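Participant: In order, the protein sequences belong to chains A and B. Residue numbering for the first sequence follows this note's numbering, starting at 1 and increasing by one per position. Residue numbering for the second sequence follows this note's numbering, starting at 1 and increasing by one per position. Just so it is clear, CB atoms sit at the ideal spot from N, CA and C, and this is done for glycine as well. Since we're looking at a predicted model, the values are computed, not measured. I have a structure I would like to understand better, so I am pasting it below and will then ask my questions one at a time.
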Amino acid sequence: MELFTNQILAGIATGAIYACMALAVVMIYQAIDHLNFAQGEMATFSTFIAWQLIQWGVPYWGAFLITLVFSFIGGILIERVLFKPLAKAPILTNVAGFIALFAIINSCSGLIWDFTIKQFPTPFGSSPFLGSQLISTHQAGMIGVTLILLLLLFFFFRFTRVGLAMRAAASLPESARLVGINTSWMIALGWGMATAIGSIAGMLIAPVVFLEPNMMLGVLIYGFAAAVLGGLTSPFGAVIGGFLVGIFENLAGTYIPNVGNELKLPIALALIITVLVVKPAGLFGRPIVKRV
Amino acid sequence: MSAVQEVVTEAPAIDAVPKRAMTLGYGTSLVILALLIIVPLLVKNFIIFQLTMLLIYALAVLALNILTGGSGQFSLGQSAFYAVGAYTTAILMEHADINYALTLPIAGIICFVFGFLFGQPALRLSGVYLALATFALATAMPQLLKLGVFEHWTGGVQGLVVTKPDSPIAVLFGYKISQDMWLYYFTLAISIAIYIFSVNLLRSRSGRAFMAIRDNEIAASAMGIDVALYKTLAFGVSAGITGVAGGLGAIAVQFVAPDSYTITFAISLFLGMVVGGVGWLPGSIVGSAFIIFVPNIAEGISKGLSGAVFGVLLFLVIYLVPHGARQVAMVAQHLIGKLKKN
């Protein structure tokens, strides 16, 4: 029984990363109805920026803030320059655009910072948390940051004018435009926020998996799995989905033989397909009705 | 977030492609065929090998084109089907000593079944979700191939070495036929057969059903088309052709290993389709040439740059020529027509 609870705790700790990534995925999906395949690469790039700043002697939290601002502006720029013209294009064109972005950013981080593995510092330290051997202070910090992020997002969407406008623009763009909301800029804002959240996920996960250009591929797949499980239309669901996926991954690794690191990605695949087939709207998502 | 139930009119998956615009005229086809037959006689073995790969990738792109251009479904997971085809051929040749030519139909059938089965859950998904599921399939495939359970058959991380087949005719009209050349003509024959099959498939009743589903699924089902059957069928056919291409690829490269079939490869094939023009079958060979030669050139400029060059070119294609090579070909045809009049 102790092994079981231990594994659940460890699962929650890894789940926090997936939750962060899923949150970023859902943010963009809310804004533009597309999944951003380049999300992971964008997060990796932001993390590299933070790493570089720290190398130059900027204190951790300073680098953290600069990276957040950089990612926010970067996300908005990418939307304005590259994806705004594609708003009315068929889905295929959009998917191709995301893939192009994926390739460009991945290759650029490789070119600028090469492919060697880098250490990334943690602000929380890595001593055991509250005397427990199970999770380190870094993991506890990760869970804390994710929860704070979720709370902030909740307040932003629930109680601010901009948050309300973003929700309106996402759910009924035409009506939102009629009441005077600049829907086009709401989409850009969504991109900026998603990129910033992604960069937080990147900076939190980098101390655990080490920094290199392909660091995010596995995390992105798990983030997708979490977002799909929680429902692509619900930020709250995404976070819950992230924790559930983390727990599931750890339990499967412990109790099913032959499933270690070897089968990490196939598990995520199986999870995505199962959820999409059994309950396409996810646990907390809204079902979508199609108009002929 | 809001309590309003969402009612959406889904954006089309791809632009509709008129049926006539999907193929080439007889004259042009014959010229291209003649080129494909004559050129290998004049060049070195290494270039023949590259031409063979060109045909093989063209087949894989063609398969994706049938799926996306024909039935409007996405796949970022073609590398998985290609890998299954390649491994089937490699295992049958090396472990069961089956003649290489016979392994190809088996690879095709196995992939057809695999694709058909994967098409079942894919039925529930459309657009982005389908892209997501196939994306996950492609990333998971290398890990599945490395699995310890299959190591006896697949060779695990090391992969399998495949023996290159000898040419059955050593000398023809006083002309020596090398292994590479034989393999090229063997591939060419299969490619032509599959191309003709695909053209006819899209012109048939099934092809019309695919296109009806692509243009409007609900209207198609109202006309009495069995949407589920035809969608999975499109997946199966596409996977089957990709499997044959994978088998040929294994023979040509003489080696299969899990890390040759990563998501990067799936993305290349997708890129090849977009560059060649979605739904334009002859564009497959243009797309294939693009994904074979452009990375070489980009690597020549700077190592690790190929990804960025790929991405930038893809954006250029999306913005400037959204219909890929088809658009270029049409403009060229138009210009030639004008010149003739003057």
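Are there three or more Cβ pairs, one per stretch, closer than 8 Å when the segment 216-233 of chain B is compared with the segment 129-147 of chain B?
Facilitator: no
Participant: Under 7 Å: does the beta carbon of S206 of chain B sit that close to some heavy atom of the ligand NAD?
Facilitator: Questions concerning the ligand NAD fall outside what the structure shown contains, since it holds no ligand whatsoever.
Participant: At a cut of 8 Å, does the segment 219-235 of chain A reach the segment 13-32 of chain A through at least three beta carbon pairs?
Facilitator: yes
Participant: Output yes if chain A places a C-beta closer than 8 Å to the C-beta of L188 of chain B; else output no.
Facilitator: no
Participant: Taking the alpha carbon of P173 of chain A as the point to measure from, which residue in A:I73, A:G163, A:I187 and A:V162 has its own alpha carbon closest?
Facilitator: A:I187
Participant: Which residues does DSSP pair with V256 of chain B in a beta bridge?
Facilitator: Beta-bridge pairing links V256 of chain B to B:L160.
Participant: Round the Cβ separation of A83 of chain B and L145 of chain B to the nearest angstrom and send it over; I've been treating them as touching at under 8 Å.
Facilitator: 6 Å
Participant: Taking the C-alpha atoms as reference points, what is the distance between L276 of chain A and G119 of chain B?
Facilitator: 13 Å
Participant: Skipping 5 residues on each side, what residues in its chain have a beta carbon closer than 8 Å to that of L217 of chain A?
Facilitator: G40
Participant: Between the beta-carbon of G70 of chain B and the beta-carbon of M211 of chain B, is there less than 8 Å?
Facilitator: Taking 8 Å as the Cβ cut-off, G70 of chain B and M211 of chain B qualify as a contacting pair.
Participant: I'd like to know whether the C-beta of F290 of chain B is nearer than 8 Å to at least one C-beta of chain A.
Facilitator: no
Participant: Would you mind telling me which residues of chain A sit closer than 7 Å to L62 of chain B, beta carbon to beta carbon, in chain order?
Facilitator: What L62 of chain B touches in chain A: nothing, since even the nearest Cβ is about 17 Å away.
Participant: Hey, quick one: how far does the alpha helix (DSSP H) through Q55 of chain A stretch, first residue to last?
Facilitator: Q39 to Q55 is the span of the alpha helix (DSSP H), which, as asked, contains Q55 of chain A.
Participant: Report the residue from B:Y184, B:Y230 and B:S29 whose alpha carbon sits nearest the alpha carbon of L117 of chain B.
Facilitator: B:Y230
Participant: Taking any Cβ of chain B, which residues in the segment 272-289 of chain A have a Cβ under 7 Å from it, in chain order?
Facilitator: I272, I273, L276, V277, P280, R286, I288 and V289
Participant: Out of B:I91, B:E299, B:G276 and B:C111, state which residue places its alpha-carbon closest to the alpha-carbon of S79 of chain B.
Facilitator: B:C111
Participant: By Cβ distance, which residues of its chain are closer than 7 Å to G97 of chain A, with the 5 residues on each side in sequence left out?
Facilitator: So the list reads L82, F83 and L86, once near-sequence residues are dropped.
Participant: In the structure shown, what three-state DSSP assignment does K176 of chain B receive?
Facilitator: strand
Participant: Counting only C-beta atoms, is P266 of chain A closer than 8 Å to chain B at any point?
Facilitator: Closer than 8 Å to some Cβ of chain B, the Cβ of P266 of chain A qualifies, so yes.
Participant: In the DSSP assignment, what residue or residues form a beta bridge with K118 of chain A?
Facilitator: A:L211
Participant: Between the alpha carbons of I240 of chain A and P266 of chain A, how many angstroms are there, rounded?
Facilitator: In this model, I240 of chain A and P266 of chain A are separated by some 21 Å (Cα to Cα).
Participant: Helix, strand or coil, according to DSSP, for G307 of chain B in the structure here?
Facilitator: In the three-state reduction of the DSSP assignment, G307 of chain B falls in the helix class, which pools H, G and I.
Participant: According to DSSP, simplified to helix, strand and coil, what is S167 of chain B?
Facilitator: The three-state secondary structure of S167 of chain B, taken from DSSP, is coil.
Participant: Among residues of its own chain, excluding the 5 on either side of M1 of chain B, which ones have a beta-carbon nearer than 6 Å to its beta-carbon?
Facilitator: At M1 of chain B the pLDDT is 40, less than 50, meaning the model places this residue with poor confidence; the figure from the coordinates comes in the next sentence. Hits under 6 Å: none found.
Participant: Could you compute how far the alpha carbon of E6 of chain B sits from the alpha carbon of Y222 of chain A?
Facilitator: Because the pLDDT of E6 of chain B is 43, which lies under 50, any placement of that residue in the model is unreliable, and the question is left without a value.
Participant: Measure the alpha-carbon distance for E299 of chain B versus L111 of chain A and round it to whole angstroms.
Facilitator: 12 Å
Participant: I'd like to know whether the C-beta atoms of I247 of chain A and I17 of chain A end up nearer to each other than 8 Å.
Facilitator: no
Participant: Report the option in B:W182, B:L313, B:L271 and B:G156 whose CA atom is closest to the CA atom of P258 of chain B.
Facilitator: B:G156
Participant: Rounded to a whole number of angstroms, what is the C-alpha to C-alpha distance between N36 of chain A and Y261 of chain B?
Facilitator: 23 Å
Participant: Can you give me, in chain order, the residues of the segment 88-111 of chain A that have a beta carbon less than 7 Å from any beta carbon in chain B?
Facilitator: P90, I91, L92, T93, V95, A96, G97, I99, A100, L101, A103, I104, N106, S107, C108, G110 and L111
Participant: When the Cα of F210 of chain A is compared with those of A:T116, A:V278 and A:L220, which residue comes out closest?
Facilitator: A:T116
Participant: In its own chain, which residues sit with a C-beta less than 7 Å from the C-beta of I49 of chain A, not counting the 5 before and 5 after it?
Facilitator: T67 and F70
Participant: What is the rounded straight-line gap between the Cα of Y87 of chain B and the Cα of A140 of chain B?
Facilitator: Going by the C-alpha atoms only, they are around 16 Å apart.
Participant: Could you spell out the range, first to last residue, of the alpha helix (DSSP H) harbouring A96 of chain B?
Facilitator: Unbroken run through A96 of chain B: none, as it is neither H nor E.
Participant: Is there a Cβ from chain B that is less than 8 Å from the Cβ of H34 of chain A?
Facilitator: yes
Participant: Is the shortest distance between the beta-carbon of L269 of chain B and the beta-carbons of chain A less than 8 Å?
Facilitator: no
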